[in-house]
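The structure under discussion appears below in the form of structure tokens.
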Amino acid sequence: VSNNNVATFIKEFVVRLPDGEHLDFIPGSYSQIKVPKYELKYTDFAIDEQYKPEWDKFKMWDLTVKNDEETIRAYSMANYPAEGDIIKLNVRVATPPFDRAKNTWMNVNPGIVSSYIFNLKPGDKVTMSGPYGDFHPIYNSKREMLWVGGGAGMAPLRAQIMHMMKTLKTTDRKMSYFYGARALMEAFYLEDFYELEREFPNFSFHLALDRPDPAADAAGVKYTAGFVHQVIHDTYLKDHDAPEDIEYYMCGPGPMAAAVQRMLDSLGVPPEMIMFDDFG
């Protein structure tokens, strides 16, 4: 249906199920996509204009990818059931390691599946299956909930939060979502969460940007400068009466998840209160 950039290296990939097909799933689930043999150049990609300067800077257009055998990969779904018979993924293109000495990419294949998805156009057909996984909220609890996301880790968290608020209209639990990004142009779906904040007094959204961002300042976007684990600690948990009684739901890049885990450990949060979708 659509395949558009939502950040420099992340696309929102949306497919519609075949007529008559319906997908029953619990938000936080993932689906699998099957990738055939193929070969392509990154110059084939359709990249939104505002992100092209970064692609130029990192010499992304020089990359090529070849897939010699059918491959399957899993991606968490960003959609929630009320959005109908679609599957929505947030896909980050996986690049080879960068050789700083030579100022170019190492001679390694880029991500086979993410490159394939980045090149898909509306009307293309894909083979997918699902739902899978057990990264689901605890619905029959009244405990406070805190979500932590970064990068493409947005996907299952958006699904969970939108379902809890929009569909279940959960108003008897305190809920907050902290999302970390490099800069404002790397953060997406913000309006979804601002709308929830306006509608539900028990929900709050907090954007953490790695460093002060003039574009965010100019746009009047509310954010805190710093890495997301530090922002959660300094602006909320350090003054919280009982951080160990909160349910934590986390999805994002490995280093972010590890830093959040260490921060929660230092506050005495037991491991069973921390749920995470490990896509690293």
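First residue of the sequence shown? That's 291 in the working numbering, and the numbers climb one at a time after it. Each residue gets a CB set at the ideal place from its N, CA and C atoms; glycine is no exception. This structure is a prediction, so every number in the text was calculated from the model and none was measured.
Backbone secondary structure at residue i - three-state DSSP
{"i": "Glu434", "result": "coil"}
{"i": "Asn522", "result": "Per the sequence shown, residue 522 should be read as Ile rather than Asn. If DSSP states are grouped into helix, strand and coil, Ile522 belongs with the helices."}
{"i": "Phe483", "result": "helix"}
{"i": "Gly570", "result": "Only weak support is given to the placement of Gly570: the predicted model assigns it a pLDDT of 43, under 50, and the question is left unresolved by the model."}
{"i": "Lys392", "result": "coil"}
{"i": "Ser466", "result": "strand"}
{"i": "Gly310", "result": "coil"}
{"i": "Thr457", "result": "helix"}
{"i": "Met350", "result": "helix"}
{"i": "Pro317", "result": "coil"}
{"i": "Ala515", "result": "strand"}
{"i": "Ile451", "result": "helix"}
{"i": "Ala471", "result": "strand"}
{"i": "Glu339", "result": "helix"}
Where the beta strand (DSSP E) containing residue i begins and where it ends
{"i": "His496", "result": "Phe493 to Leu499"}
{"i": "Tyr328", "result": "Tyr328 to Lys331"}
{"i": "Val355", "result": "Thr354 to Asn357"}
{"i": "Ile323", "result": "Tyr320 to Val325"}
{"i": "Arg609", "result": "There is no way to answer for residue 609, as the model of the chain reaches only from 291 to 570."}
{"i": "Ala297", "result": "Ser292 to Ala297"}
{"i": "Met540", "result": "Glu537 to Cys541"}
{"i": "Gly420", "result": "Thr417 to Tyr422"}
Minimum C-alpha distance to residue i - residue among the options
{"i": "Arg449", "options": "Leu527, Leu379, Lys347 and Asn430", "result": "Checking the sequence, you will find Ala at residue 449 rather than Arg. Considering only alpha carbons, the answer is Leu379."}
{"i": "Pro427", "options": "Asp414, Lys411, Pro446 and Val416", "result": "Pro446"}
{"i": "Asp555", "options": "Asn369, Gly413, Glu534 and Val416", "result": "Glu534"}
{"i": "Pro504", "options": "Ala515, Met367 and Ser321", "result": "Ala515"}
{"i": "Val304", "options": "Asp346, Tyr332, Tyr365 and Ile316", "result": "Tyr365"}
{"i": "Ala297", "options": "Leu497, Thr460 and Gly441", "result": "Gly441"}
{"i": "Gly318", "options": "Asp338, Tyr370 and Ile300", "result": "Tyr370"}
{"i": "Asp352", "options": "Thr333, Lys464 and Phe566", "result": "Thr333"}
{"i": "Leu497", "options": "Phe335, Asp375, Gly558 and Ala471", "result": "Ala471"}
{"i": "Phe493", "options": "Pro326, Tyr513, Ala509 and Tyr467", "result": "Tyr467"}
{"i": "Met367", "options": "Phe335, Arg306 and Pro326", "result": "Arg306"}
{"i": "Leu458", "options": "Lys392, Ile316, Ile300 and Pro560", "result": "Ile316"}
{"i": "Asp314", "options": "Met350, Glu373 and Asp482", "result": "Glu373"}
{"i": "Phe279", "options": "Lys415, Val381, Phe566 and Gly544", "result": "Residue 279 lies beyond the residue range present for the chain, which begins at 291 and ends at 570; the question has no answer from this structure."}
{"i": "Val511", "options": "Phe478, Asp375 and Pro543", "result": "Phe478"}
{"i": "Asp338", "options": "Thr361, Ser321, Lys301 and Lys324", "result": "Lys301"}
{"i": "His273", "options": "Ile323, Ile376 and Lys324", "result": "In the structure displayed, the chain extends from 291 to 570; residue 273 sits before or after that span and is not available."}
{"i": "Tyr469", "options": "Val291, Leu410, Ala509 and Gly443", "result": "Gly443"}
{"i": "Ala473", "options": "Leu480, Thr460, Val291 and Arg501", "result": "Arg501"}
Host alpha helix (DSSP H) of residue i (start-end)
{"i": "Pro545", "result": "Gly544 to Ser556"}
{"i": "Ile377", "result": "Counting along the chain, Ile377 falls outside any alpha helix (DSSP H), though it belongs to the beta strand (DSSP E) covering Ile376 to Arg382."}
{"i": "Glu302", "result": "Counting along the chain, Glu302 falls outside any alpha helix (DSSP H), though it belongs to the beta strand (DSSP E) covering Ile300 to Arg306."}
{"i": "Lys342", "result": "Lys342 to Lys347"}
{"i": "Asn409", "result": "Ile402 to Asn409"}
{"i": "Ala442", "result": "It is not in any alpha helix (DSSP H) - Ala442 carries neither H nor E in the DSSP assignment."}
{"i": "Pro585", "result": "This structure does not reach residue 585, given that the chain is present from 291 up to 570, and the question cannot be answered."}
Contact belief for residue i with residue j at Cβ below 8 Å, rounded distance in angstroms
{"i": "Phe408", "j": "Val383", "result": "5 Å"}
{"i": "Ser405", "j": "Leu330", "result": "7 Å"}
{"i": "Ile402", "j": "Asn430", "result": "The pair is not a contact, with the Cβ atoms about 40 Å apart (cut-off 8 Å)."}
{"i": "Pro286", "j": "Asn293", "result": "The first residue shown for the chain is 291 and the last is 570, placing residue 286 beyond what the model contains."}
{"i": "Leu499", "j": "Leu527", "result": "Contact flag wrong, Cβ pair sits at about 19 Å."}
{"i": "Phe490", "j": "Met452", "result": "That pair is no contact at about 11 Å."}
{"i": "Phe495", "j": "Tyr484", "result": "7 Å"}
{"i": "Phe517", "j": "Ala547", "result": "Contact doesn't hold; Cβ gap of about 12 Å is too wide."}
{"i": "Pro386", "j": "Pro400", "result": "6 Å"}
Any non-hydrogen atom of the ligand SAH within 8 Å of residue i CB
{"i": "Glu481", "result": "Ligands displayed in this structure: none; no statement on the ligand SAH is therefore possible."}
Residue i at chain B interface by Cβ criterion, 9 Å
{"i": "Met540", "result": "You won't find chain B in this structure, because it holds only one protein chain."}
Practice problem: Answer yes if the segment 529 to 542 comes into contact with the segment 428 to 436, meaning at least three C-beta pairs across the two stretches below 8 Å, and no otherwise. | Solution: A contact is defined here as three or more CB-CB pairs under 8 Å, and the segment 428 to 436 meets this definition with respect to the segment 529 to 542.
Self-check item: Touch test, the segment 515 to 529 against the segment 411 to 431, Cβ-Cβ under 8 Å, three pairs minimum
Solution: The answer is no - the segment 411 to 431 does not touch the segment 515 to 529, with fewer than three Cβ pairs under 8 Å.
Quiz item: Per the contact definition of three or more C-beta pairs closer than 8 Å, is the segment 342 to 356 in contact with the segment 411 to 424?
Solution: The segment 411 to 424, when compared against the segment 342 to 356, does not touch it at the 8 Å Cβ threshold.
Quiz item: Below 8 Å, can you find three or more Cβ-Cβ pairs linking the segment 386 to 400 to the segment 498 to 512?
Solution: With the rule of 3 Cβ pairs closer than 8 Å, the segment 386 to 400 does not count as touching the segment 498 to 512.
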